[in-house]
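Protein chains in written order, with our numbering: chain A, 1 to 629; chain B, 1 to 486; chain C, 1 to 240; chain D, 1 to 149; chain E, 1 to 92. Backbone N, C-alpha and C fix where the C-beta goes; we use that ideal spot for every residue, glycine too. I have placed the structure first, in the form of C-alpha cells, so that the comments after it can refer back to it.
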Amino acid sequence: MTLLDHLFIVVFSCLIAISVVRNLPIVDKLAPVLYGLILIMLVRMASVAYGGDAYLSSFSLDLLGFKMHWQFTALSWYFAIITLVAALASAVFMSGDWGRQYREGGGNYGMLQLALIVNVFSMILLLGSGDLLSLFIGWEFVSWASFLMMVLSPSKLAKKSAVKYIVYAMTGAMALMVAIVMIYAVNDSLEFEQISIVFAQMSGSSQVALVLLLFVAFAIKMGLLPFHLWQAVAYAETPGPGAAFLGAISSRMGMFTIVLVIVQFIGLGGLKSVGTSFANMQTLLAWVAALTTIIPTYIALQQHDAKRLLAWHGVGQGGYMLLGIIMFDSIGSAGGLMHVLNHASYQAALFMTVVAVMYRTGTSDLNKLGGLVTQMPLTFLVMLIGIIGLAGLPPMNGFVSKWLVYRSLLVNGQPLLFVAAVLGTLGTILSVYKLIHNTFLGQLRLEHQNVREVPWSMLVPMLGLSVIVFITGFMPGLILPWIASVQESVGLPVIAHHLGGIEYAKGGLDMIWVSGILFYGFGVGALIFYFLGGKSKRVHQYDNYAGGHFLTSDVRYHYSNNFYPGLMHLIGTWYRGSFQWLENSIVSVMSFFSVFFENIYRAKQPVMLLLIGVVLALLALYRNLGVGA
Amino acid sequence: MNSLVLLMVLPLFAAFIIPVVAKFSSKLALFTGPVVLCINLLLIMSAWVKVGSGAHAIFLGGFLPPVGIVFYIDHFSLLFSGLIASMVLIVWPWDAKESRLYSLYMLLSAASFGLALSADLFNLYVFYELLAVATYGIIAKQKNSSATAASLRYLFISSAGSVMLLLGIAIIYTLTGTLNIAHLATMTENLHGFAGLSAFALIAIGAGVKAEMFPVNSWVAEVYGTIPRQLSALLAGLISKLAVVLIIKMLLMVFQVQAAFDLLLVVGMLGVISGEMVAWRAKDMIRMLSFSSIAHLGVLFIALSIGGSKGLWLAIAIMLHHLLVKGGLFLMADRFSGHFDKLKGLAHHSPMSAAVFLVFILSLLGVPPLPGFWIKMALVMNLAELGGGLYYLAIGVILLATIIETAYMFNLVQTMYLKADADSTPLNKRYSASYTFAKLFALLLLVSMVFVSPISKRLKDIANHSANPQIYIHTVLPARYLGEKS
Amino acid sequence: MTKYSALLFISGLVFLLMVITGLLPIFSDSHTPMLVGKAILEGAKDQVGAANVVTSVVLGYRGLDTLGELSILFAAASVVGLVLTKSSFNKAASANNDKHDHHDSGFVAVNAIDLIFPLLLVVGMYIITHGHLTPGGGFQGGVVLAVAFSMLVIVRPRRASINHGMVSIIESFAGVSFILIGVIALFKGQSFLQPLLSHGEFGSLWSAGTLPLLYLAVGLKVGAELAGLLLALNSDEVVD
Amino acid sequence: MNHFFTVEGILYFGAISLSIIGLFGLLVSKNLFRLLLSLVLFEAGANLVLVLSGFIRNGIAPIFLDGNSGAVMNDPVPQALVLTAIVIGVGVQALALSLIFRVKKHYGSMDMRTIRSKLEREIAENAGVTPPGSNEAPAPVKLIEGENS
Amino acid sequence: MIWVVTVVVFIMLAAALAVLFLPNMIAAVVASAVVSLCLTVIFAVLKAPDVAMTEAAIGAGLSSLILAIGLKRLGYWKTDSIDKVKAGERHD
C-alpha cells in the first residue's frame, strides 16, 4: 500500500461518510474535518512537490483488456492541494449560518455537501490518473460531478445552463475519446508514453487532428475561446460556495490535462512541427489564449451581476495560464502554473465575498447594491485584496504570475501577445473596480441599513484565503519549489527561485523588495499626510453632494447602471453575439438534418424505403464485387 | 439433450390447448403460459450447465444434417432463450380477458425460441413469419383502433421484407442446394460472389424490418406510439434482437466478408444518425425512446460489422445492455407518458423513479463506470483497431450521436427536476408492476457495473465459441460432409 | 412523383435481379447443386417410406416447418377472431346471431352446395389420406374441407350448422395430436418428430409410418383453422 | 443469351416480373385492398423463384411410382418450402384483410395516405404533442438555450 | 412446350397488371385468381404437382374466396367502374 492508495481510500471513505450523513446536522462539523484529513494526507505526500519521486498506486485494474493504473506526480499534487484548500474553504464557508439559510430557502443542503465531496473525489481520481483510460474516466467523472453541483440550484436558468454545460462537456469528452482512440489504434496501448511515440509516427494531417481534438477536449473544460459560452453562466448559477469551488478549480482540470498531455508528451517540438512555419500549433494556441484573456474579460465588464462578472473573469484568466504555459520556457510556464493557484485563491475569496453579500442582502445585482463598506468592513477587505490579486497588481499573488507571463512574452519576442495580455489586464482592472465600487462604495441603500457583517463561519475561510493571496504574493518562494518540481516532472525548463521570487538572467523579481517598497511608500505617504496636519473629517455616507446639489437619501449619487458607457459603445460591436451566432447556427444545421430524417421516417409509403434500401445495397455490392464468374 | 426441443414445442402446445382450456377455466388458461415459461426457464438452466463450454445439435426427426432441420444449442442460443422466457414473463398480459391473446403470446415465445435455436435457413424464415404474425395480432388487439392501423402498416412493410427474405433464401438455395447454415458455412466460396452477397443483403434488409434497420424502420414510431409500453419494451427490447440473431447467424457463419460488413456498417451509421436526430426533436417520451431505440440498433449493426468473435461479443453486450436500458425505459414510460412539459416536477413527486430513470440514461450515454461506458469504449477501440475510413467514420458517428443524445436526454432530465407547476401532476401515478420491473432492470444494470470484468469475460467466451464456424460445422454436420467443398 | 421514383428504383431492381439471375448456376452449367435434394431422393424411401417425396420432406425431413406453418395459420385465425369479434370467451357459439338480416343465397347456390358438400368432404378426406402417395395432402385436403364447411354457412347464414366451439376444439385437438406424435418419439429416446411405426409396404395406404397420421392432423387443423377464419371474416361483428 | 430463351429463362423472367409488378403495386397503390392484392402478387413471384430453384430440365415429379425408378427427379425440397410459403401467405392475407376491415370501420377510408395522416395525428394526440410536420408545430427545441453573452 | 410456357407467362403478367390497374375491384380479384391459375399451370409444367395442387386450392380457391368476402364486406361488390364510385372511396 503506497501513500497514493491511502489517499484514494481516505477520499473514498470521506465520500461514503458524507453521503451517509449528508442530511444530518453533524455534516457541518464533519465535512471540514474530513477535508482537513485529506489535506493532511496530501501533506504527507508533499515530498513529491519537492523533487521526490512520483507515487504509484499499488493496484491496477484490468477491465476488458484495458489496464488502468494511477500515479501521483508533482503536477497532480500541485493541483490536488489547490483543490483541497478550495474545498476546505468552501466547506467551512457553507457550514453554519450560510447552510442554514440555504436550507431555509428550500435548497438541498445535503446534496450540496455531497456534490462537493463528489467533485473532490473525481478530481483526485483525475489528477491521479496514470494512463489514458483512467484519465478519460476521471475526466468524465469531473464533468458529471460539476454538472451535479450546477444542477442543484432550483432556478430554471441554472438547470438550462447546466444542460448546456453537459452538452459541451460531452462534446469535449467525445473529442478526448477520439483522440485516445487515435492513439490506441496505432500501438494498442493506452499508456501516456504512447502519446509521444504515436505522435512521432503519425502523418501530418493526423497530427493536426490529434492536437486539435485534444485541444478541443481540454479547451471546453477550461472555457477557452470558441468554447467559452457555457462556463460563466453555469458557474454563476451554482449555489454560493459551490460557485466558489467550481470557479476556483474545476475548470483548471483542463489546464491540468493540457500540461499533462500536450505540454508533457507532445511538447514544444511536437506543436511546432504541426502546421506551417508561419502558423504552427504553438502560435495558434497562444493566440487562442490571448483572445481568451481579452474577450471574456470585456464581456465581464458588461455584466451587472457580481457572480457572473466574476465567472467571466474566471474564463478570461484561463487565457493567462495557457499563454504562460504555451511559451514553454521556465518563467512563462512557471507563471502559467502559478496563476492556477493564485487564481484559485483570489477567485474563491471573491466568490465568497459576493456570496456573503448575497447572504446579507439577498442580491448580487450590482445595480441594487452599494455603500456596504461600513456595514461589512471585513468582507470589503477581503474583496479588496481579492480584486488587487485579480487585477494583477502588487503586492498580491496575481501580480507575480502575471509578471512572469508578461516577462516571458517579452523575452520570447511576442510583443503582440504581450499587448493582448495587457489589454486583458486593463479590462480586468476596469471591471473589478466596477465590482467593488458598486458593491461596497458609494451610497448605502435604504433597505440595507440593517445589514451586518457576516458570521465568523463565513469570514474565516474568506480571511484565510485572502491571507494566502497576500502571503503567496509577498513570498512567492513558498510555492515556487512546487512549480519547479512540476516543471521538472513534465520536462520543462526549471525556474530558479528564492523566497522572494525568481532569479532570471534578464531581470529577476523579488516580491519582498517590491512589497517592501510599496509599503514603504504607503508609510511615507501616511506620515506626510499626518505631519501635514492630518485633517480629515468623518462624514455620513449621505452627507454628500454632487454637482452643487445636495441629495437626499433616496437619490443615489453614484451610478451603477450602464457603467463605462463610452467604452461599451466603442467595443460592443466587436464581440456581441458572434460566438452565440456560431452556437445557434450549429443548432440550425442540426435542426435541418433532423427535419430531413424525420421526413424520411414519415414516408408515405414505407415499402418505398425498403425498395430504395435494397436497390442501393445491391448496387453498392455490384460496384464492389462486379459480376466475376 | 434432445428434450431441449421442448423449449419451442411446449409453448406451441400451450398455444394450441389454451383456447380449449379457456372453455373450462379462464384462470387456468391465464396461468398456462407463465407455467410453461417457467418450465422453459428451468430447462434452459439445466441445459446451460449440461452444454458447458461445448455445443450440441438436435437433429429433428432424427435426420442427419444437412437433410433435416437442426437446432443448434450453445450458450449464445441458450442466453437468448433465457431472455425470451424472462421477458415474456415480465410482459405477460395478466389483465387481458382474451384467451386467444394468451395463445398469441405463447406463439410469439415459441417463434422466438425457434429463432434462437434453429440452424436451418428456411426454418428460421418460418419462425420469423410466425413471430411476425403473432406480433401483428398482439399489436392489433390493443383497445385503440389506431393500433390496428399501425399494425396494418407494419404488416405491409414487414411482409414485403419477408418476401425479400424469401428471395434471398431462394437465391442461396439455388446457388448451393442446401439450407443448413453449417452446410452453407462449408461452401462459402459459392456464396461470396455478387449473387451470394445480394442474397445476404436481401436477407439482412428483409429481416432488418423487424430489427429496426435504417431505411425500413418507419413503422417504429407508429407502432410504439400506439401500443402499451410493456409491449414496446418487448418489441424494442427483445423481438428486434431476434431478427438481429437471424442476421448474425448468416453473417458470422456464412458471410464473413468485408462487403457484408460494410453493408451493415453503413446502415448502422445511418440508423444511428437518423435515429438520434429525430429523437432530438421529439417532444414526448415514447417518440423519443422509439427513435433512440433505432439509433441503438444502429450501434448494434456497427458492432456486428467488426465481424468475428469480437463483433459478436460486442453485439451480445450491446443487445443485453439495450434490453435492460430500453426495456427498462419503456417500462418506466408506462408512468410518464405525454408531453415533456407534463413531466415537470416529476423528481419531486417521485424521486426514486427519477433516479432510476437517470441510471438508465447515464448508462445509455456511456458514463463511467456504468456498463454502457465499457461497451462504448470497447466498441470504439475495436473499431479503431480495424482502421480504415468507414470504421473511423463510424467512431465519429457514434460519438457524435452520444453528444446529441446527451442534449435531448438531459433536456428531459432538466424538466423532470424543475419545480412543478401547481397544477401539473405527472400522469399515471398509479403503482404498476412494470415500474417494479424497471427498478429490477436498473438494479441489474448496477450489479453488472460491479461485475463488468467477469461478465465481459463470460460473454467473450460465449462469443468466441459461437462465432467460430468450425465448431458450428463440426457439431452439426456428420463427418462425411466435413471435407466436402461443394 | 411517387410513381416516377418508384419506376426508377423498380427498374434498378429489375436490372439487378436480372444480373443475379444470370449468375445462377442454372444459366451457366446444367442445374443447381441440389445437395440436400439428392440426399433426400436417395434416402427418402428407406428413411421415411412415403412414395411422394414432397410429403416425406414436408412431414419428415422438414416436419418442424410444417408445425411452424400450422402455428402461423393458427395465429392468423386467432388474430382474425380477436380482431373481428368481441370476446372469444362467451361469444364463441353466438357468431351467427346477428342483428343484421341475413338472406340465404339463392336457390341454385343453396342446393348446389348441399349437393356437392358430401362430394367435397370425400374428396378432401381422400386427398388428405393419400397425401403420402400422390400429390396433395393435408393442406390441400384441409382447404377443401374448410371450403366445404364454410360454403355451407355462407350460403345459409341463418341456419348455420357449424359450432365455433367445435371448430376450436378440433383445431386444438389436431394441433395437439401433431405435437404429441412428435413428442412420443422424444419419450422413446429419439428426436422430436422422428417417424415412428413401421414403414409398411411401400406405396400402399398404410405405409410411411406416422406420416398419414400427421397429415390427418394437418388436414384437420388446416380445415378447422381455415373454416374458422372464413367464418370470422364473414361474420359481421366488427367492433371497435 | 442462348440460355435465356429456354423454359427456365422465360419462367425466371416471369417470376421476376410478377414480383416486380407486385412491388410496384405496393408502391403506387393507395387503396388498402389493392395493396393487399399487390402483396399477394409479390409473394407469388417469390414462390415461383423458389420453385424454379429446384427445377431440372427433363426432371420428373418427385414421386416414386412404379415406372419411374430410373428417371431424374426434381428437387423436392423447394417444393416443400413453397408449400409452406403459400400457406403462410394465405394466413397473412386473411390477417391483413381482417385488419383492413377494422381500419375501414374506424377511419371510414381505404386510402393509405389518409389513414397515415390520421394515424399520425392520433399518435400525437395520445402523446399530447402536436403532430410532426404540422404547420402549427412550434419551432424545434433548441439544443442549448443560450442567453445573451 | 416452351411456347406454352411463354404464353402462360404472358397471360399471367397481363393478369397481374390488370390486378393493379383495373378500376373495378371484382375484376381485380378475378385477375388475381387468373394469376394463380397461370401459376398452377406453371407449377405443373415444372413437375411440382404438390405445389400446383396447393396453388390451385389455396391461391385460386381459398385466397379468392377470402378476397371475395373482403369485397363484400368492404362494399366493393358492385359492377360499377371507378367513375361512379363516390369520392373518398376511390380505388386507386
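CA-to-CA distance, residue j to residue i, given in whole angstroms
{"i": "K221/C", "j": "V45/E", "result": "30 Å"}
{"i": "L97/D", "j": "A46/D", "result": "21 Å"}
{"i": "D188/A", "j": "K67/A", "result": "11 Å"}
{"i": "T472/A", "j": "T2/A", "result": "31 Å"}
{"i": "N58/D", "j": "T135/B", "result": "43 Å"}
{"i": "A386/B", "j": "A185/A", "result": "As written in the sequence, residue 386/B is Leu, which differs from the Ala given in the question. The alpha-carbon atoms of L386/B and A185/A are separated by roughly 8 Å."}
{"i": "H100/C", "j": "K143/B", "result": "In this prediction, H100/C has a pLDDT of 47, which is less than 50 and means its spatial position is unreliable; what the coordinates show is noted afterwards. Each residue's alpha carbon lies about 25 Å from the other."}
{"i": "S58/A", "j": "G130/A", "result": "12 Å"}
{"i": "M462/A", "j": "V397/B", "result": "47 Å"}
{"i": "V10/A", "j": "I38/A", "result": "7 Å"}
{"i": "D46/C", "j": "I40/C", "result": "10 Å"}
{"i": "F80/B", "j": "T406/B", "result": "30 Å"}
{"i": "G107/A", "j": "S153/A", "result": "7 Å"}
{"i": "L234/B", "j": "A49/A", "result": "57 Å"}
Of the residues the options, the one placed nearest residue i, counting alpha carbons only
{"i": "I169/C", "options": "A149/B, A15/B and I239/B", "result": "A15/B"}
{"i": "N52/C", "options": "H132/C, I179/C, M18/C and S5/C", "result": "H132/C"}
{"i": "T178/B", "options": "M166/C, G141/C, Y61/C and F74/C", "result": "Y61/C"}
Cβ shell of residue i (< 8 Å), same chain only, five flanking positions each side left out
{"i": "A60/E", "result": "A33, S36, L37 and T40"}
{"i": "F89/C", "result": "Because the pLDDT at F89/C is just 35, under 50, the model does not fix this residue reliably, and the value given afterwards should be weighed accordingly. Contacts found: none."}
7 Å CB neighbourhood of residue i in its chain, flanking five on each side removed
{"i": "N438/A", "result": "L366, L369, G370 and S560"}
{"i": "A87/A", "result": "Y35, L116, V120 and F245"}
{"i": "F59/B", "result": "P65, G68 and V70"}
Boundaries (first-last residue) of the alpha helix (DSSP H) holding residue i
{"i": "V413/B", "result": "G389 to M416"}
{"i": "F16/B", "result": "L6 to F24"}
Residue i - DSSP class collapsed to helix/strand/coil
{"i": "T6/D", "result": "coil"}
{"i": "H56/B", "result": "strand"}
{"i": "K91/C", "result": "Unreliable positioning characterises K91/C in this predicted model, as indicated by a pLDDT of 41, which lies under 50. The coordinate reading is nonetheless provided below. K91/C falls in the coil class under three-state DSSP."}
{"i": "F592/A", "result": "helix"}
{"i": "I502/A", "result": "strand"}
{"i": "G193/B", "result": "coil"}
{"i": "E453/A", "result": "coil"}
{"i": "E98/B", "result": "coil"}
{"i": "V92/D", "result": "helix"}
{"i": "Y564/A", "result": "coil"}
For residue i, the first and last residue of its enclosing beta strand (DSSP E)
{"i": "H497/A", "result": "A496 to H498"}
{"i": "L61/A", "result": "L61 to L63"}
{"i": "M68/A", "result": "F66 to M68"}
{"i": "Y72/B", "result": "V70 to I73"}
Own chain, CB closer than 6 Å to residue i, minus 5 neighbours either side, in chain order
{"i": "W230/A", "result": "K164, Y165 and Y168"}
Near the ligand NAD: residue i beta-carbon under 7 Å from a heavy atom
{"i": "I42/E", "result": "Although the ligand NAD was asked about, the structure shown includes no ligands whatsoever."}
Neighbour list for residue i in chain G, Cβ cutoff strictly below 9 Å
{"i": "M53/E", "result": "The displayed structure is made up of protein chains A, B, C, D and E, and chain G is not among them."}
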